[in-house]
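With our numbering applied, the sequence shown corresponds to residues 1495 to 1812, in that order.
Where is the CB? At the ideal position from N, CA and C, for every residue including glycine.
Some notes on the structure that comes next.
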Amino acid sequence: RGDPAVQKTFADLEYEHKKRKTRREVFLERMDALIPWDALEAEIAPFYPSGGKGRQPYPLRAMLRVHCVQLFYNLSDPATEEMLYEIESVRRFTGVRLEKVPDETTILNFRRRLERHELGRRLFDVIKTHLAQHGLTLKEGTIVDASIISAPSSTKNAKGERDPEMHQTKKGNEWHFGMKLHIGTDDALGLVHSFETTAANAHDLTPSDKLLHGEEERVWADAGCRGIEKRPEHRGRDVKWQIAMRPGKRRVLAKDDLDQRIERCKARVRAKVEHPFRYVKRVFGYEKVRYRGLAKNENRLALLLGFANLMTAEPCMG
1495 RGDPAVQKTF ADLEYEHKKR KTRREVFLER MDALIPWDAL EAEIAPFYPS GGKGRQPYPL
1555 RAMLRVHCVQ LFYNLSDPAT EEMLYEIESV RRFTGVRLEK VPDETTILNF RRRLERHELG
1615 RRLFDVIKTH LAQHGLTLKE GTIVDASIIS APSSTKNAKG ERDPEMHQTK KGNEWHFGMK
1675 LHIGTDDALG LVHSFETTAA NAHDLTPSDK LLHGEEERVW ADAGCRGIEK RPEHRGRDVK
1735 WQIAMRPGKR RVLAKDDLDQ RIERCKARVR AKVEHPFRYV KRVFGYEKVR YRGLAKNENR
1795 LALLLGFANL MTAEPCMG
């Protein structure tokens, strides 16, 4: 009769022969094929318990996949546990059996292990290396930009105060409270090669030197970065600065003016930097921070940017 532990139930057989795949199944199959699981596991393994005589930990591969599901759908720890119980396609993706679903505390402990050892940025670098092995190391030009990620401004919490690492800033005519994600992408595909996080009130120029890898020939940025070449950290940098004209100055230009055409060309290149933000905020739903402080959110954003890179590079990796 075979091993009872691996025998398929009627529900398993019924699921395998259903006629249509859901959007969730298609998405999970896509991410399963894109993510370099072995390389990510190898990076985490030195910090993961190997077991012993006591209670055996959940397999690293299963917990990493559970963590990724949590990031894909921007779930809390309890919501991740519930999804594992409720949705067969998610259990199949993670390799978790219904009779042995990790509880919310186990999910929390795995996430905290990644945070404690600051593995988010290291996993992002692993994905960068994976893309480089596929020939995706485009370094001729860098686009820099930043986007605000909101945080709760209410003081109705245990400490009775707003997150001290978040701040408010004015954008246009609106005030925003939260953090800012700064990224540097290549100007060919829009793959993120560098990122930093700050409070929302930090100027876009503040971490700009950390967003350049030093080998680019061109740097593209919006009008908020005018004067970047005069900053001490960029003096002597041998690049061509392609900084957008201020909107007020551009509005008075005629449509067929040469400068107007140049600005349109700059805008078309800079548009690539918006794609990672779209993945982070729209595809993965991270429009608002989930944790207090910058470090925990940065750890989460690092992997989200890695996933965004994989999805952006997908057409070039076939």
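{"Query": "Using a 10 Å radius around the Cβ and a threshold of 16 neighbouring Cβ atoms, would you call Glu-1655 buried or exposed?", "Result": "exposed"}
{"Query": "Considering only their Cβ atoms, is the gap separating Phe-1618 from Leu-1797 smaller than 8 Å?", "Result": "yes"}
{"Query": "Closest by CA to Asp-1703, which one among Glu-1727, Lys-1515, Gly-1718?", "Result": "Glu-1727"}
{"Query": "On the premise that Gln-1754 lies in contact with Arg-1762, defined as a C-beta separation below 8 Å, what is that separation, rounded to the nearest angstrom?", "Result": "Contact doesn't hold; Cβ gap of about 13 Å is too wide."}
{"Query": "Among the candidates Asp-1732, Ile-1677, Cys-1719, Ser-1570, whose CA atom is the shortest distance from the CA of Arg-1772?", "Result": "Ile-1677"}
{"Query": "Taking the straight line between their C-alpha atoms, what separation do you get for Glu-1537 and Glu-1612?", "Result": "11 Å"}
{"Query": "If you draw a straight line from the alpha carbon of Trp-1531 to that of Leu-1752, how long is it in whole angstroms?", "Result": "49 Å"}
{"Query": "Determine the contact status of Lys-1664 and Ile-1642, defining contact as a CB-CB distance below 8 Å.", "Result": "no"}
{"Query": "I need the straight-line Cα distance from Gly-1708 to Cys-1759, nearest angstrom please.", "Result": "24 Å"}
{"Query": "I'd like to know whether the C-beta atoms of Leu-1699 and Leu-1632 end up nearer to each other than 8 Å.", "Result": "no"}
{"Query": "Quick one: any contact between the segment 1596 to 1615 and the segment 1514 to 1526, if contact means 3 or more CB pairs under 8 Å?", "Result": "no"}
{"Query": "Pair every Cβ in the segment 1769 to 1783 with every Cβ in the segment 1588 to 1597, then say whether three or more of these pairs are closer than 8 Å.", "Result": "no"}
{"Query": "If you measure between the beta carbons of Glu-1634 and Glu-1711, is that distance less than 8 Å?", "Result": "yes"}
{"Query": "I'd like to know whether the C-beta atoms of Gly-1672 and Ala-1694 end up nearer to each other than 8 Å.", "Result": "yes"}
{"Query": "Could you give the distance in angstroms between the alpha-carbon of Met-1577 and the alpha-carbon of His-1624?", "Result": "30 Å"}
{"Query": "Please report the distance separating the alpha-carbon of Thr-1649 from that of Lys-1790.", "Result": "20 Å"}
{"Query": "Taking the C-alpha atoms as reference points, what is the distance between Cys-1810 and Leu-1558?", "Result": "26 Å"}
{"Query": "Going by CA-CA distance only, name the one from Gly-1589, Pro-1540, Thr-1679, Lys-1653 that's closest to His-1561.", "Result": "Gly-1589"}
{"Query": "What is the C-beta distance between Val-1686 and Pro-1770, in whole angstroms, given that I count them as a contact (C-beta under 8 Å)?", "Result": "5 Å"}
{"Query": "Rounding to the nearest angstrom, what Cα-Cα distance links Pro-1572 and Arg-1794 in this structure?", "Result": "17 Å"}
{"Query": "What distance in whole Å lies between the Cβ atoms of Ala-1717 and Ala-1738, which are believed to be in contact at a cut-off of 8 Å?", "Result": "5 Å"}
{"Query": "So what does DSSP say about His-1661, is it helix, strand or coil?", "Result": "strand"}
{"Query": "With a threshold of 16 other CB atoms inside 10 Å of the CB of Leu-1592, please say whether the residue is buried or exposed.", "Result": "exposed"}
{"Query": "So, for Gly-1614: in the same chain, excluding its five sequence neighbours on each side, which residues have a beta-carbon less than 8 Å away from its beta-carbon?", "Result": "Leu-1608, Glu-1792, Asn-1793, Arg-1794, Leu-1795, Ala-1796, Leu-1797"}
{"Query": "Can you tell me whether Asp-1732 is buried or exposed? The criterion is at least 16 other CB atoms within 10 Å of its CB, across all chains shown.", "Result": "exposed"}
{"Query": "Excluding the 5 residues preceding and the 5 following Trp-1484 in the sequence, name in chain order all residues of the same chain whose CB lies nearer than 7 Å to its CB.", "Result": "Any question about residue 1484 goes unanswered here, given that the chain covers just 1495 to 1812."}
{"Query": "Going by Cα to Cα distance, which pick from Leu-1799, Ala-1807, Ala-1802, Arg-1786 is closest to Ala-1645?", "Result": "Arg-1786"}
{"Query": "How long is the line joining the alpha carbons of His-1628 and Thr-1806, rounded to whole angstroms?", "Result": "13 Å"}
{"Query": "Please report the straight-line C-alpha distance between Pro-1741 and Cys-1719, rounded to a whole angstrom.", "Result": "13 Å"}
{"Query": "Taking C-alpha atoms, which residue in Ile-1621, Phe-1541, Glu-1757, Pro-1553 lies nearest to Arg-1610?", "Result": "Phe-1541"}
{"Query": "Using beta-carbon positions only, say whether Glu-1808 and Leu-1522 come within less than 8 Å of one another.", "Result": "no"}
{"Query": "Which two residues bound the contiguous beta strand (DSSP E) that contains Leu-1675?", "Result": "1668 to 1680"}
{"Query": "Tell me where the beta strand (DSSP E) around Ala-1715 begins and ends.", "Result": "1712 to 1715"}
{"Query": "Let me confirm a value: Asp-1680 is counted as buried when at least 16 other C-beta atoms fall within 10 Å, else exposed. Which label applies?", "Result": "buried"}
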